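Participant: In the working numbering, the protein residues as written are 1 to 85. For every residue, glycine included, the Cβ atom is placed at its ideal position computed from N, Cα and C. Computed from a predicted structure; not experimentally measured.
#1: Which partner residues does residue 30 have in the DSSP bridge list?
#2: Are residue 121 and residue 72 close, meaning C-beta to C-beta below 7 Å?
#3: Classify residue 61 as helix, strand or coil using the three-state DSSP reduction.
#4: Please state the DSSP three-state secondary structure of residue 9.
#5: Looking only at its chain, what residues have a beta carbon closer than 7 Å to the beta carbon of residue 41, apart from the 5 residues adjacent to it on each side?
#6: Between residue 9 and residue 34, which are expected to be in contact by the criterion C-beta below 8 Å, what is the C-beta distance as a whole number of angstroms?
#7: Taking residue 64 as the reference, which of 26, 30 and 51 has the closest Cα?
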């Protein structure tokens, strides 16, 4: 199970995130202000963000099954990234 304090600590300390949710199945949703448009220059930041999510939880001795990076507002470009160990 993912510690909710770990989730809060991640998004509170990361400049590109504006919130996070977790569930008991090992899934984390990170909300960001970055553009989800694949043609946007923010695209590489989204990829980097997902790697940072995985590294953060591993550093805290946790494993997550998947991470969804979602826009702060409704956006058709939201992407789900599976993080397999």
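Facilitator: Taking the structure as given:
#1: 20 and 69
#2: Since the displayed the chain opens at 1 and closes at 85, residue 121 lies outside it and no answer follows.
#3: coil
#4: helix
#5: Around residue 41: no qualifying Cβ.
#6: Contact doesn't hold; Cβ gap of about 20 Å is too wide.
#7: 26
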